[in-house]
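Notes for the one structure printed next.
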Amino acid sequence: MRRQIPFKAILFLPVALVVGIALMLVVSQKSVKAAPPSGGGVTGIVKLDGTPPHQKPIDMSKEPSCAAIHKDHPATTENVVVGSDGGLANVVVYISEGWSGGDVTPSSQPVFDQKGCQYQPHVLGVVVNEHFKVTNSDQTSHNIHPMPKPGGPNHEWNKSQPPGSPPIDAVWPAEEVAIHVKCNIHPWMSGYHVVVKTPYGVSDDKGSFKIENLPPGNYTLTAWQETYGTQTQKVTVAAGKPATATFTFKAK
Amino acid sequence: MHDTSSHAVAHHGPPASFIRKHIFSLDHKVIGKQYFGLAFVAVLVGIFLSWLMRLHLGWTNLAIPGLHLLSSNGAPGNLMTPEYYLQLMTMHATIMVFFVLTTAPFAAFGNYFLPIQVGAEDMPFPRFNMMSFWITFLGFIALMSSFFVGDGPTLGGWTQYAPLSAIGQAAGPGEGTGVVLWAISITLFCIGQLLGSLNFITTTLDMRTRGMSLMRMPLSVWAWFITSVMGLTAFAVLMPACILLILDHVAGTSFFVPSNLVINDQLLPHSGGSTLLWQHLFWFFGHPEVYIAIVPGMGIVSHVLITSMRRPLLSHRVMIYSMGALAVLSYMVYGHHMFVSGMNPVSSIAFSFPTLIITIPATIIVLLWLGSLYGSRLRINTASLFALGFISMFISGGVSGFFLAQPSIDILLHGTYFVVGHFHMVMGVAAMFGIFAGTFFWFPKMFGRMMNETLGRIHFWLTFVGTYTIFMPFHYIGLAGNIRRYQAFTPDYMQQFIPVHKFITVAALLTGAAQLIFVYNLIHSRFWGKPAPDNPWEATSLEWSTPSTPPPWNNFGDKMPVVYHDPYQYGVEGSTGDYVMQNSPERIETVRDEA
Amino acid sequence: MAKLFAVTIIVIAILSAIPIVRHTWWTSQDISTHGAPIDEQMSETMAESGILFLASQILLAVFIWKFSRPRPGEKIKSFPGGAMGLVIAAFLLVGTEVLALGAFGAKAWASIYFTPPGANAMPLQVQAGQFAFYFRYPGPDGKFGPLHPDLISEANQNIFGLDTEHDPDSKDDIVTAEMAIPVNREIHLLMHSKDVGHAFFVPELRVHQDFVPGLDLSMHFTATKVGRYEIVCTQLCGLGHYNMRAYLSVFSQEDFDSWLKKQATFQ
Amino acid sequence: MATTIHEPPRIEKIGDSSRARSNSGNGGWRPLVPDAGDPRLVQEYAPPPASTGIWVAVAGISMTFAALTSALVVRKGGAPDWRHFTLPSILYLNTLMLLASSVTLEIGRRRVAVFMGGLRSTAASPARWLYVTLALGFLFVAGQYVAWRQLSSQGLYLATNPSSSFFYVFTAAHALHLLGGLGGLGRVIYKLDHLVLRRSTLDATARYWHFMDVLWIYLLLLLWMKL
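Chains as they are written, first to last, in my numbering: chain C, 1 to 252; chain P, 253 to 847; chain U, 848 to 1114; chain B, 1115 to 1341.
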């Protein structure tokens, strides 16, 4: 029949569509494997000298489910988080010189959680090619938008995560200190990814940090804080004897 | 070769090869069918997208099985993300407005029947006509391909307001490559329709057969002619606007992007552009565009209805003048889309009056249909049911225009579901009813087979009741302040609308499913339908006087028709019954215009 | 079939009209001083177009019912008055209707948009951005400090881009995420957008205006009823459009003063 | 219902004098088919759709440039960032070339008309002047390109300033349409060589070319005043 051909052509379109979609779904994934290093480490503390800047409270009334979480402890900005003893939290201390141990093995898959319309942790340290999970514990959609330097090896991405959807598996292919992360839906949400090639530690509420599994040697440590920038310090790690380091940032 | 050797017909001989016959055909009938096929594919995609959107609006946290197959970023864990909803919405609107409501009633039926109805052998520029379709097709491909680029199609709505659409990825997912593809697609579409309009206008002016005076052209021809004049002016404005948008997006110019925009805490490099400029350019096209979608429907419905009523309209001329008035006024009213957009408030009033006045020709058109129905001998079939349904829909959608024409009421209704209900009824569903009426009416001529009448009626009933069930509630919740283009209803006062949305979703799914009856009917009848006689509806216009059904490649064989009568000579005492065909030389007592 | 169709049209028309007549869903209660003419215009238009809607649908149905089964041999009849009659009817009926609507509507519109704000109007600035509204009160000095778009940092909650170190006028400015206004006091709202187009819509307040990037617009209004309302965005502004909203609290003057004082401590 | 009997084919009395003298002898509004209805005879009488088509195309293109013009006026009004610059002087030379091309085309068109009129004794190739027009057209486009290079060497690129943006957009849009005209001209020459050229095609192409000319003068004035 001479008229059958156009009809078949119509049928072909959805088939082509389906095939096209299937092709789009082929996702390649890399895995990280390296030999476990051993040895000592560096412990230390990060302090803030001076009066910490005022952290403005965040009014989340437009997102009631988040506002409810912060009912008793109002959420504030987290540019400078200072603990009781002047310890400075959310500082990433990493080895900027002297590391010769090759690729670092991640101990467990880090999680970058969104809870109460804030990022937990506020600063996430990861090593290059380390897979980390982005999860959403809120009752609202979030939008994760890390903004690496344009033109660099790390590419900006921007994905939404409705409540209840599976974690996003992400990875940074190159070193970068630091990548600002924002949520497009909630403008106040702000966090950082610090991507390093070497062992690192992130300071806790008291300002103390710990870098483990360092072979003996001379190292240069760099501490990065989102408001105050970086400081460096040289340390020597002897066999079986962890080194200590103290960083002090000056409040402006 | 001689000075006067120019000839209006026979620009091409019968097609020889398969490709020339079915793919790169110069035959206006094949091109019309290609447009019909394009619109058919597009409408299926559009309905599918609306299903996904409706499911999400009814049950926001519902995981739609398999959705992640369409877009892994847009639907992680089968849950629709906010941007994916808006992307689906934008694509639904763009596909429906451009590739369905413009292509089907105007480009598809117009291409097929305009030359036949004026007694021409073909369009005067068949190569342009072929290009017109294939450029439009490329535009459709460009639009669909945006589903497969990095961050998916654009989410900016079919209006693509700058600067959201012009600043690129910075504005969020769905504002990257998708916008460029959208703008390319619309630019191509404009070029395609400009070429089409060129052919339509020239055919109507120059290619009429002997005796086919302007006033003897059927109303469908008049509607297509008026539409193509509108298209020529409207698409010629949208095209450069889209190109400027692409430049802003890609080349860093600042036509539409003002200074000092801060996104993600970063100052954008643009400066000095005017965001209202885009709105003016867009709506100067955008408002005539809705008439481009509906006027062919009016022509088709008049044509079908007159045949079913067995009498001409009370006045052929008044109908033509009213459609012409709609076209002229449509350029003066576009500002009513921008009442609260920061335009000078004086111009709001200036735009309000023509908008209100445009209801007068629209009312005259409706009254002409109603008045002509009086005392007619109405034959009920699927085509006439859809034509009557069109009138009902057009009335329902039209009265809400009184509200939206007034800037003071627009304060309450701008950007609400009231607007969504209004345009879905008046230009969406009504135009679709026009397409359905045209399909049932002309299918026998296009494919040589009758469509199944029983299935047609079942489809009509489900669609008629279903569309009212979907779109009437839109008006109610719009009145109460439900904002459109929301993927979920977070404001406290909108919680009360969620049950209504659930109801609408169920209605929309059922009505959408009812369209499968039409799909089945179309495909089944295409191959296995009853063979059609040459003039199944006992109609008078020239398309029913072709020597074969479907018509031969040159429409009328070796003998061009000569026209002796006004187009709709029904209710007369002719030798064949109560009608006399336009090209029948017999003497009759003619029906006269009553204006 | 035709009779069933006629009945269906009438049933649909009546069912469609019921929620409107019963006000099942209706515009929210007006709390503004300027809203009355809008509401009046709304009910006028509703009545007139409702009558048109019902009349024409019923006419359509009746004609379908009556003329779909002609007796054999019956001649076609013409509508009394013919096309000219219909045209005249359309011009007289709809023409006068739309002119009246247009004239009264223009008056309502003019009463809102063509009047300048009073001298005592309280200035208040609103900035729209993806995807939240933020508000700024001038503080005790009554002056807004200048804006520096390059200083905007949402992470530091410097939403407006104020330079409190160098601009003395900015020091006492109060920035909030909720809007609060005193009742029965005219507000002069200064609007600008930080990024793309947005809109400011408070249904109860009968206030609706787009933010146009690159343009500073202003509106003025007076709220007459204490309560908590919502401001929503009606202009598609990106993926978080649905979530762009803020609360509007209308307080008594005392409550407003203490609210503002409390907000000042958060700066 | 009035009573008349047998209305013969009505011939409309739309008195458009320019159409009345159209070469088809009956005017574009009244395509006549002999009573026998033989389409082969139609060729003698039917009007040239190309002449109508070209006016429709001119209307559409005018609309596009009107839209761009209004964009320029709106964008310039109240924009503090508008930077004036002097138009590259080669534009004036280009203008002369384009004007000259219109003259040569008109000469060519007359020669071809005479040739088509049957006076084949004219020894010279009738296409000669058309080739000259074609060459001038290409020179114009090349000249426009030189103008672009001049601007970019001054550091004025597409995105530098709205004034330069509009300059590039306008000249590029015009050049694209002109290239279309060159294509049409090439087609005319090809058809002439193969003796299949229709008078209406020649006339339509010439009209389009003159329109491009007028459009360019308009654009030059606009750019000269506004930039």
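Quick reminder that beta carbons are idealized off the backbone N, C-alpha and C, glycines included. Since the model is a prediction, treat every value here as computed from it, not as a measurement.
1) Please state the DSSP three-state secondary structure of C/SER160.
2) I'd like the list of long-range same chain contacts for C/GLU97, defined as Cβ closer than 6 Å, with 5 residues on each side in sequence excluded.
3) What are the start and end residues of each continuous alpha helix (DSSP H) run of 4 or more residues lying completely inside the segment 373-430 of chain P, in chain order?
4) So, at 8 Å on beta carbons, what are the nonlocal neighbours of C/GLU175 in its own chain, with the 5 sequence-adjacent residues on each side left out?
5) What whole-angstrom Cβ distance do U/GLN876 and U/GLU1051 have, given they're in contact under 8 Å?
6) Fully enclosed by the segment 974-1017 of chain U, which beta strand (DSSP E) runs are 3 residues long or longer?
7) What runs of the alpha helix (DSSP H), each 4 residues or longer, lie entirely inside the segment 172-247 of chain C?
8) If you draw a straight line from the C-alpha of P/LEU731 to the C-alpha of P/LEU665, how long is it?
9) Could you tell me whether the Cβ atoms of C/GLY87 and C/ASP204 are closer together than 9 Å?
10) Spell out a yes or no on whether the segment 950-963 of chain U and the segment 877-893 of chain U are touching, meaning 3 or more CB-CB pairs, one atom from each, closer than 8 Å.
11) Taking the straight line between their C-alpha atoms, what separation do you get for C/HIS145 and U/HIS1045?
12) Who are the neighbours of U/TYR1089 on chain P, taking C-beta pairs under 7 Å?
13) Below 6 Å CB to CB, which residues in the same chain sit around C/LEU11 once its five sequence neighbours on both sides are set aside?
14) How should U/MET969 be labelled, buried or exposed, when 16 other C-beta atoms within 10 angstroms of its C-beta is the threshold for buried?
15) Can you confirm whether C/ILE185, when its beta carbon is compared against all beta carbons of chain U, has any partner nearer than 9 Å?
16) Three-state secondary structure (DSSP) at P/ALA716?
17) Starting from the beta carbon of C/GLY164, find every residue of chain P whose beta carbon is closer than 9 Å, and list them in chain order.
18) So C/PRO146 is in the beta strand (DSSP E); what residue range does that whole segment cover?
19) Is B/ARG1224 helix, strand or coil when you go by DSSP?
20) Report the residue from P/MET382, P/PHE487, P/PHE537, P/ILE610 whose alpha carbon sits nearest the alpha carbon of B/ILE1175.
21) Is there a Cβ from chain C that is less than 9 Å from the Cβ of P/ASN596?
22) Do C/ALA75 and C/GLY83 have their beta-carbon atoms positioned less than 9 Å apart in this structure?
23) Are three or more beta carbon pairs between the segment 278-287 of chain P and the segment 364-382 of chain P nearer than 8 Å?
24) Answer with buried or exposed for P/LEU566, where buried requires no fewer than 16 other C-beta atoms within 10 angstroms of its C-beta.
25) In three-state terms, what does DSSP make of U/TYR1076?
26) Which residues of chain B have a Cβ atom closer than 7 Å to the Cβ of P/MET491, listed in chain order?
27) Does P/ILE722 come out as helix, strand or coil in the three-state DSSP assignment?
28) Starting from U/GLY882 and walking both ways along the alpha helix (DSSP H), at which residues does that stretch end?
29) Buried or exposed for B/LEU1309, going by 16 or more other Cβ atoms inside 10 Å?
30) May I ask you to verify whether the segment 538-557 of chain P touches the segment 492-500 of chain P, counting CB pairs closer than 8 Å and requiring at least 3?
31) DSSP beta-bridge partners for U/SER879?
32) Would you say C/GLU175 lies against chain U (beta-carbon separation less than 9 Å)?
33) Quick test of your reading: P/ASP517 and U/ILE999, contact by CB under 8 Å. State the CB separation rounded to the nearest angstrom.
34) According to the neighbour-count rule (16 or more other Cβ atoms, all chains shown, within 10 Å of its Cβ), is C/GLU226 buried or exposed?
35) DSSP beta-bridge partners for U/ILE1028?
36) Could you pull the start and end residues of the alpha helix (DSSP H) that B/LYS1190 belongs to?
Considering the structure as presented:
1) Three-state result, C/SER160: strand.
2) Non-local beta-carbon contacts of C/GLU97 in its own chain, meaning distances under 6 Å to residues more than five positions away in sequence, involve THR220 in chain order.
3) If we require 4 residues or more, the alpha helix (DSSP H) runs fully inside the segment 373-430 of chain P come out as 378-397.
4) The beta carbon of C/GLU175 sits closer than 8 Å to those of VAL128, VAL195, VAL196, LYS197, all from its chain and outside the five residues before and after it, given in chain order.
5) Approximately 6 Å separates the beta-carbon atoms of U/GLN876 and U/GLU1051; this is inside 8 Å, confirming the contact.
6) Listed in chain order, the complete beta strand (DSSP E) runs (minimum 3 residues) inside the segment 974-1017 of chain U are 979-984.
7) Runs found: none.
8) Roughly 7 Å between the two C-alpha positions.
9) A contact, by the Cβ cut-off of 9 Å.
10) Because the criterion of three Cβ pairs below 8 Å is met, the segment 950-963 of chain U and the segment 877-893 of chain U touch.
11) When the Cα atoms are used, C/HIS145 and U/HIS1045 turn out to be separated by approximately 21 Å.
12) The contacting residues are PRO334, TYR738, GLN739, ALA740, THR742.
13) Caution is warranted here: a pLDDT of 48 is assigned to C/LEU11, below 50, making its placement in the model unreliable, and the coordinate value is therefore given only provisionally. Once the five neighbours on either side are set aside, C/LEU11 has no close Cβ partner at all.
14) Per the 10 Å Cβ criterion, buried.
15) Yes, contact with chain U.
16) Checking the sequence, you will find Phe at residue 716 of chain P rather than Ala. The DSSP-derived three-state label of P/PHE716 is helix.
17) Residues of chain P passing the Cβ test: ASN313, ALA315, GLY329, LEU331.
18) Residues 142-147.
19) Of the three classes helix, strand and coil, the one that applies to B/ARG1224 here is helix, per DSSP.
20) Put simply, of P/MET382, P/PHE487, P/PHE537, P/ILE610 the residue whose alpha carbon is nearest the alpha carbon of B/ILE1175 is P/PHE487.
21) When Cβ-Cβ separations below 9 Å define contact, P/ASN596 makes no contact with chain C.
22) No; because the gap between Cβ atoms is not below 9 Å, this pair is not in contact.
23) The count of Cβ pairs closer than 8 Å, one atom from the segment 278-287 of chain P and one from the segment 364-382 of chain P, reaches three, so the stretches are in contact.
24) With 16 or more Cβ atoms within 10 Å of its Cβ, P/LEU566 is classed as buried.
25) Correct three-state label for U/TYR1076: strand.
26) Proximity of chain B to P/MET491 at the Cβ level (cut-off 7 Å) is accounted for by THR1178, in chain order.
27) DSSP places P/ILE722 in the helix class (H, G or I) of the three-state scheme.
28) Run containing U/GLY882: 882-914, per the alpha helix (DSSP H) assignment.
29) When all chains shown are included, B/LEU1309 counts as exposed.
30) Under the 8 Å Cβ criterion, the segment 538-557 of chain P does not count as touching the segment 492-500 of chain P, having fewer than three qualifying pairs.
31) Partner(s): U/ALA1070.
32) No, C/GLU175 lies away from the interface with chain U (no Cβ there is under 9 Å from its Cβ).
33) Between U/ILE999 and P/ASP517 the Cβ distance is about 6 Å, and since that is below 8 Å, they are a contact.
34) Around the C-beta of C/GLU226, 16 or more other C-beta atoms lie within 10 Å, and the residue is accordingly described as buried.
35) U/ILE1028 is bridged by DSSP to U/VAL1097.
36) Membership of B/LYS1190 in the alpha helix (DSSP H) is indicated by the continuous run 1163-1190.
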